[in-house]
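Residue numbers (UniProt numbering): 1 to 240.
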């Protein structure tokens, strides 16, 4: 997923830098030029110049506030409560959450299949899975499953009680328990989840990239329209 998102992220960063340069350096120069003629400017140009003026006066404050917010948010995600909330958010965000959940579950299935096939007892496998995940919501769910297993509830039963574990994983785990073929059934689930995660990632990127391009085009087009319409307005009123 990370590799698939590299291009959209680069496009977004470049667009932000270009717009920032235009607002910070290019537009103020045009603002000074327009003011020397003392003519009435079109509404789009006035709106653009108002945004430029606001950015010049309060842009640094806005940037500082954003940096403080990011630092504070990062610090919060280092706390136990913050780690749990971040893990919950990462699994419930539209589109992205489903992909993250599929990746977590596919990794979980792969590890259970590998360790179970090596002869390791399921309670010990759960301990390793809990230690190996960075998502605190997933760790909590696995811990609850482990505790129920120790009490004699099996594996698929406790999984079915937690919404983190998707139906296919629960059903195939039950089949694996009944047939004694848990490693192979969970390998199949892992492959299914990996394929779905890849397909969803490609679809999401295919939607994000043109949407981002359209947004950037609209912003740049608005800036260009405001500048050109102002020049025509000056020509018309001054008679150049």
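C-beta atoms are modelled at their ideal positions from N, C-alpha and C, and glycine is treated no differently.
Just so it is clear, the structure is predicted and the values come from calculations on it, not from any experiment.
- Which runs of the alpha helix (DSSP H), 4 residues or longer, sit entirely within the segment 3-40? Counting whole runs of 4 or more residues, the segment 3-40 contains the alpha helix (DSSP H) stretches 6-21, 27-37.
- N- and C-terminal bounds of the alpha helix (DSSP H) containing residue 221: Counting along the chain, the alpha helix (DSSP H) containing residue 221 begins and ends at 182-234.
- Message: Taking contact to mean 3 or more Cβ pairs, one atom from each stretch, closer than 8 Å, check whether the segment 194-204 and the segment 81-101 are in contact.
- Response: Taking a contact to require three or more Cβ pairs closer than 8 Å, the segment 194-204 and the segment 81-101 qualify as touching.
- Task: Decide if residue 184 is buried, meaning its Cβ has at least 16 other Cβ atoms within 10 Å, or exposed.
- Result: Its Cβ having fewer than 16 others within 10 Å, residue 184 is exposed.
- So the alpha helix (DSSP H) residue 155 belongs to, where does it begin and stop? Run containing residue 155: none; DSSP gives neither H nor E here.
- Message: According to DSSP, simplified to helix, strand and coil, what is residue 79?
- Response: Coil at residue 79, not helix or strand.
- Query: Expressed to the nearest angstrom, what Euclidean distance is found between the alpha-carbon atoms of residue 204 and residue 164?
  - Reply: Their Cα atoms are separated by approximately 22 Å.
- Sequence-distant residues of the same chain with beta carbon closer than 7 Å to residue 174, five excluded per side: The beta carbon of residue 174 sits closer than 7 Å to those of 156, all from its chain and outside the five residues before and after it, given in chain order.
- Query: How long is the line joining the alpha carbons of residue 96 and residue 90, rounded to whole angstroms?
  - Reply: Residue 96 and residue 90: Cα-Cα distance of roughly 7 Å.
- Query: Grouping DSSP H, G and I as helix and E and B as strand, with all else coil, what is residue 42?
  - Reply: Residue 42: coil per DSSP, three-state reduction.
- Task: Go ahead and pull the three-state DSSP assignment for residue 127.
- Result: Residue state, collapsed to three classes: helix.
- Which one of 43, 56, 36 has the shortest CA to CA distance from residue 20? Residue 20 has its Cα closest to that of 56, out of 43, 56, 36.
- Simplified DSSP assignment, three categories, for residue 118: Looking at residue 118 - three-state DSSP - the assignment turns out to be coil, as it is neither helix nor strand.
- Between which two residues does the alpha helix (DSSP H) containing residue 151 stretch? No alpha helix (DSSP H) holds residue 151; DSSP gives it neither H nor E.
- Please classify residue 104: is it buried, with 16 or more other beta-carbons within 10 angstroms of its beta-carbon, or exposed? Classification for residue 104: buried.
- Query: Would you call residue 146 buried or exposed, if buried means 16 or more other Cβ atoms sit within 10 Å of its Cβ?
  - Reply: By the 16-neighbour rule on beta-carbons within 10 angstroms, residue 146 is buried.
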